[in-house]
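For reference, each letter of the sequence shown is one residue, going 17 to 214 in the working numbering. See below for the structure under consideration.
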Amino acid sequence: MISNKAQQNKAQQHSAEKYTKVAILLHWLIALLIFINISLAWTVDLLPDAYVRLNIDTHKSIGITVLGLVLLRILWRLGHPPPPLPSSISPLEKRAAHWGHISLYMLMITLPISGWMHDSAWKDAPTHPMQLFYLIPWPRIGLIEHIQPVFKETLHTYFGSLHEWLGIALYVFFILHILGTLKHRYVDQHSILYRILP
């Protein structure tokens, strides 16, 4: 026998308004790239020296790509608002979800920018041009790249620390986002996850 709650949940899944296909594609592509970049960051110290530069350059390329995709995702969202949350979700949870998404977007923008700033303050940046995936020339931030060397190392250290702390914050909100989704799916038995599935 299927419980009434399970039947209602199944009916909600079939009737729930989904995100647009573009939004779904961007959501999962960004999530995948972030997961890859986290893996690269966690494994760089374990690699032989010959592979460290490849790891770092790939990490940079993915970070810039994520920045572009997130900005595109925001522009798309402005013209295509997300489907409303189920009425059964409490106002408090709706506010938490709203601010959680805002925090994630802010981190997904500021984290790659801080990495870009960190790389631009690298003392060897002028002699090591940056390329996205070794194919597309990518500029560094000129105001930072051409600053006096006496200040450059300090900025490089500062932006590096900022990048690390923003990364930790992203891990926290990323985990909270996943836990919240799992709670709605398996505890509350809402159809929220269905809205973003391909």
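Yeah, the Cβ is synthetic: ideal placement off N, Cα and C, and Gly gets one too.
Boundaries for proline 97: no beta strand (DSSP E) harbours it, and the DSSP string shows neither H nor E there.
Judged by DSSP in its simplified three-state form, leucine 85 adopts helix.
Apart from the 5 residues on each side of it in sequence, leucine 49 sits with its Cβ closer than 7 Å to the Cβ of Ile78, Thr81, Val82 in its chain, given in chain order. In the same chain as proline 99, and ignoring 5 residues on each side of it, the C-beta atoms closer than 6 Å to its own belong to Glu33, Arg211, in chain order. Taking the Cβ atoms as the reference, histidine 134 lies roughly 5 Å from glycine 176, within the contact range of under 8 Å.
For serine 103 and serine 130, the gap between their C-alpha atoms comes out near 38 Å.
Going by DSSP, tryptophan 154 is part of the beta strand (DSSP E) stretching over 152–154.
Collapsing the DSSP output to three states places leucine 62 in a helix. Sixteen is the threshold: when 16 or more other Cβ atoms of the shown chains lie within 10 Å of the Cβ of leucine 123, as they do, the residue is buried.
The region 87–98 makes no contact with the region 157–167; the number of CB pairs closer than 8 Å stays below 3. Close CB contacts of valine 60 within its chain, under the 8 Å cut and outside five residues either way in sequence, are with Val68, Asn71, Ile72, His75 (chain order). Going by beta carbons, leucine 85 and leucine 148 fall outside the 9 Å limit.
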